[in-house]
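A short write-up of the structure that comes next.
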Amino acid sequence: MTNRSKEEIVADIKSLCLSKDSDCEKRSKFINLIDELKAVTNYSEIQISYPVNKVAGAWKQLWTDQKYPVPKFLKLDPNRIFQVVSKDGFYWNLSDIWAFGVIPITGCLRGKYEKIYGSPTLEVEFTKNGFRLFTLPSGNIIEFMNLVETGKKWILSLSGKAPKGPIGIKGILTSIYVDDQIRIDMGTQYDFKDDSGKVLVQGFSGTLFILEKIV
């Protein structure tokens, strides 16, 4: 049994996100810290009730071992990746991207989600993809999401349906831990198949996401 507090463990998780260890080394250490975190929190209750209201809001990604498939002429800023979740069943992944190293762009990827009853798992599907010039505004990121969602803030939509893009890709996202400060999810992307059952986009499982609540 650990004698450390939740706050100490969360501090170690955040610190590890910034370390120079390899992703493989980090993942191994994260799993140990997550097990320790479970032991000092109401993990069983979280798994059963899964408070979606705690997930709603704006989150900054601290670390993931998912490799984002972006073209070589685009560079994703790993310190400026956000997820903004609405209680109304949709979310936006927002990120700062630099095209050709000089042109600032906001990447905008929309998804919808549905909670699987009695579990900490959400079924997700990407529904819209696009971008706009300039990086994310410094103001309220939730307000920005709502303006994009309602069309009051334009984005250049990309058709990008699977298998040539993310639209239509489905998966699940399971919260290992969530509170008012930090969220730890495990992600699975399903294979995308054609009508004959041929896999056009290979899925994956066990991807770890660590996010910090900002609003």
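Using the working numbering, read the sequence shown as starting at 1007 and increasing by one per residue.
We put the CB at the ideal spot given by N, CA and C, even for glycine.
On a predicted model such as this, the values are computed, not experimentally measured, just so you know.
Query, Result
"Going by CA-CA distance only, name the one from Leu1082, Leu1115 and Arg1189 that's closest to Ala1105.", "Leu1082"
"By Cβ distance, which residues of its chain are closer than 6 angstroms to Asp1200, with the 5 residues on each side in sequence left out?", "Leu1206"
"Between Gly1107 and Ser1211, what straight-line distance do the alpha-carbon atoms span, to the nearest angstrom?", "32 angstroms"
"Is it buried or exposed for Phe1132, if we count other Cβ within 10 angstroms and need 16 for buried?", "buried"
"Just mark Phe1088 as buried or exposed, buried being the case when its beta carbon has 16 or more other beta carbons within 10 Å.", "buried"
"Could I get the ranges of all uninterrupted beta strand (DSSP E) runs contained in the stretch 1146 to 1216, with 3 residues as the minimum, in chain order?", "1162 to 1164, 1176 to 1184, 1188 to 1195 and 1205 to 1207"
"Assign Ile1040 to buried or exposed, taking buried as 16 or more other Cβ atoms, counted over all protein chains shown, within 10 Å of its Cβ.", "buried"
"Taking C-alpha atoms, which residue in Val1130, Phe1198 and Thr1070 lies nearest to Ile1214?", "Note that residue 1214 corresponds to Leu in the displayed sequence, not to Ile. Closest option to Leu1214, Cα to Cα, is Thr1070."
"Tell me which residues share the same chain as Val1090 and place their Cβ nearer than 7 angstroms to its Cβ, disregarding the 5 neighbours each side in the sequence.", "Ala1064, Tyr1097, Trp1098, Leu1100, Ile1147, Ile1148 and Met1151"
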